[in-house]
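**Q** So in the numbering used here the end of the sequence shown lands on 345, straight run, no missing numbers. Quick reminder that beta carbons are idealized off the backbone N, C-alpha and C, glycines included. Please find one structure pasted underneath; my questions will follow.
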Amino acid sequence: MAERDGPGDSADAEERGDSGGAFDYDVAVVGGGPAGCSAGVFTAREGLSTVVFDRGRSSLKRCAHLENYLGFPAGIDVETLYNLFHAHAETAGCTLVSDMVTTVDRADGAGFAVELQEGDPVTARRVVAATRYDGTYLQGLDGDAMIETNEHHGEEHERFARDYADRDGTTPVDGLYVASPSAGADRQAILAAARGARAGRRIVADARRGDGWWESVAEDVDWVRREAELDDEWTDRERWVEWFDERYAADAPVDTDSERYRQVREAAVEHVRSAYIDPDEIEERAEQGQEALAAHLDAEAVVDGVGERALLEAIDDDAIRSHVEAGETPSGDGV
Ligand SMILES: Cc1cc2nc3c(=O)[nH]c(=O)nc-3n(C[C@H](O)[C@H](O)[C@H](O)COP(=O)(O)OP(=O)(O)OC[C@H]3O[C@@H](n4cnc5c(N)ncnc54)[C@H](O)[C@@H]3O)c2cc1C
11 MAERDGPGDS
21 ADAEERGDSG
31 GAFDYDVAVV
41 GGGPAGCSAG
51 VFTAREGLST
61 VVFDRGRSSL
71 KRCAHLENYL
81 GFPAGIDVET
91 LYNLFHAHAE
101 TAGCTLVSDM
111 VTTVDRADGA
121 GFAVELQEGD
131 PVTARRVVAA
141 TRYDGTYLQG
151 LDGDAMIETN
161 EHHGEEHERF
171 ARDYADRDGT
181 TPVDGLYVAS
191 PSAGADRQAI
201 LAAARGARAG
211 RRIVADARRG
221 DGWWESVAED
231 VDWVRREAEL
241 DDEWTDRERW
251 VEWFDERYAA
261 DAPVDTDSER
271 YRQVREAAVE
281 HVRSAYIDPD
291 EIEERAEQGQ
301 EALAAHLDAE
311 AVVDGVGERA
321 LLEAIDDDAI
331 RSHVEAGETP
341 SGDGV
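Shown next as structure tokens:
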């Protein structure tokens, strides 16, 4: 499988250090918890072929009930959240494999060889570690630099160094990113997800740079926008070409008449224009989103929730409503 289509598939890809098609996957993510699935969502949405390996000791599965992961007012049980993470990663385009990574080593060329407990080894251009409890399977890549001594209950242990990677997951090993373990960020699930997202976004930018993009263009956002926000002038593609020149030409490391500049501009303009969706598409995606979510919820809880909402909407009287919301039985006339 190759890096995604784009200027990098041109003849000068090799000159820019792009591997183009030499590996099984563009990205191999080790760990399918919050950090790993989050990283995979960003890389797969970019079109990078992404595999997520997930088996072994999980921090998330030790939580009794998650009450501080944003978006779930009464908390969320771990099984539902874990299944939602996996469904999200798969919908984004990740391949999920239930297998344990035993070692990651350098492959011939610039990528990595990923050895598995059960399956055949695979190769990947980039690897993301997202395993809160371990990282020693990476040790062949940078030896003791990856290890720190930690005191736990009065005893000293060796473990994967929490500060080995930078905040965006980059490491001294080219192509290796560590989302987890990490200092601080892996202590709460929502922070682990954010750290995975940062690593995923870093990989997207690095892959684009491999395709000839320069940093300011490569770091463009993954947003979905409302077409209604566009004035008429922006329906014209040429306006976007002007926008690109105004915004990025000054930073460009190549002449604006060059083939590389033209190719990057073409791809970047295509990328930003495709982010806009019309009201019908917004409605369709909203419906799909609700349906996908509902498929993961307990049917009885959904029926109860819908019934309670309908009841609350039907009650006009604020006093009675507050009793019902508090779970009390209202009394008195007219109830
Ligand atoms: C008892 C307990 C309670 C907690 N309660 C909360 C809480 O209430 N709120 C909160 O925000 N945080 C809580 N946390 C912390 C939370 O679990 C972590 O912050 C979060 O899960 C870290 O995410 P992660 O993706 O880095 O790692 P993990 O959640 O550990 O996910 C790593 C995944 O990688 C897989 N894996 C591991 N090794 C390999 C390998 N070699 N190959 C392939 N796959 C592998 C595992 O099976 C796992 O699915 C709690 C932690 C514990 C231990």
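Following a CB-centred definition, is F52 positioned closer than 7 Å to any heavy atom of ligand 1?
**A** no
**Q** Reducing DSSP to helix, strand and coil, say where S69 ends up.
**A** coil
**Q** Pair every Cβ in the stretch 231–248 with every Cβ in the stretch 193–202, then say whether three or more of these pairs are closer than 8 Å.
**A** no
**Q** Say yes only if the C-beta of Y79 is nearer than 7 Å to one or more non-hydrogen atoms of ligand 1, and no if none qualify.
**A** Remark: the shortest separation between the CB of Y79 and any heavy atom of ligand 1 falls under 7 Å.
**Q** Please confirm whether any heavy atom of ligand 1 lies closer than 7 Å to the CB of Y174.
**A** no
**Q** Does the count of Cβ pairs from the stretch 168–186 and the stretch 133–144 closer than 8 Å reach three?
**A** yes
**Q** Which class does F95 belong to by DSSP, given the choice of helix, strand or coil?
**A** helix
**Q** Could you please give me the residues that DSSP links to T133 through a beta bridge?
**A** A123, per the DSSP bridge assignment.
**Q** If we ignore side chains and look at the alpha-carbon of each, how far apart do E323 and D241 end up?
**A** 38 Å
**Q** Name the DSSP bridge partner or partners of D115?
**A** Under DSSP, the beta-bridge partners assigned to D115 are A123.
**Q** If you check the beta carbons only, do A228 and R235 fall under 8 Å apart?
**A** Between A228 and R235, the gap from beta carbon to beta carbon reaches 8 Å or more.
**Q** In three-state DSSP terms, what is R236?
**A** strand
**Q** In the DSSP assignment, what residue or residues form a beta bridge with H167?
**A** Answer is N160.
**Q** On a CA-only basis, which of G153, A305, A209 is nearest A45? Give me that one, please.
**A** The shortest Cα separation from A45 among G153, A305, A209 belongs to A209.
**Q** Looking at the secondary structure, which residues open and close the alpha helix (DSSP H) in which S190 lies?
**A** From DSSP, S190 is part of no alpha helix (DSSP H) but of the beta strand (DSSP E) over 186–190.
**Q** Ordered along the chain, which non-local residues of its own chain (more than five positions away) have a Cβ less than 8 Å from that of P131?
**A** A123, V124, E125
**Q** According to the Cβ coordinates, are A102 and R55 closer than 8 Å?
**A** yes
**Q** Rounded to a whole number of angstroms, what is the C-alpha to C-alpha distance between S108 and Y92?
**A** 14 Å
**Q** Hey, is L70 close to ligand 1, as in C-beta under 7 Å from one of its heavy atoms?
**A** In this structure, the C-beta of L70 approaches ligand 1 to less than 7 Å from one of its heavy atoms.
**Q** Provide the residue span of the alpha helix (DSSP H) that contains L201, from first to last.
**A** 199–220
**Q** What's the call for W233, buried or exposed, on a 16-neighbour Cβ count within 10 Å?
**A** exposed
**Q** I need the boundaries of the beta strand (DSSP E) containing V231, first residue and last residue.
**A** Going by DSSP, V231 is part of no beta strand (DSSP E) at all; its letter is neither H nor E.
**Q** Let me know the alpha helix (DSSP H) ranges lying completely inside the stretch 250–312, each 4 residues or longer, listed in chain order.
**A** 269–283, 289–304
**Q** Comparing the CB of Q198 with every heavy atom of ligand 1, is any distance shorter than 7 Å?
**A** Yes, since a heavy atom of ligand 1 falls inside the 7 Å radius drawn around the Cβ of Q198.
**Q** So does F122 have its beta carbon nearer than 7 Å to some heavy atom of ligand 1?
**A** no
**Q** Check this for me: beta carbons of H348 and L94, under 8 Å apart or not?
**A** One cannot answer for residue 348 here, as it falls past the ends of the chain, which runs 11 to 345.
**Q** With respect to the alpha helix (DSSP H) encompassing F52, which residues constitute its N-terminal and C-terminal limits?
**A** 44–55
**Q** Straight-line CA distance for V114 to A175?
**A** 16 Å
**Q** To which residues of the same chain is G16 closer than 7 Å at the C-beta, ignoring the five residues directly before and after it?
**A** Low local confidence applies: a pLDDT of 38 at G16 is under 50, so the model's placement there is unreliable, with the coordinate-based value given in what follows. The answer, listed in chain order, is D221, A277.
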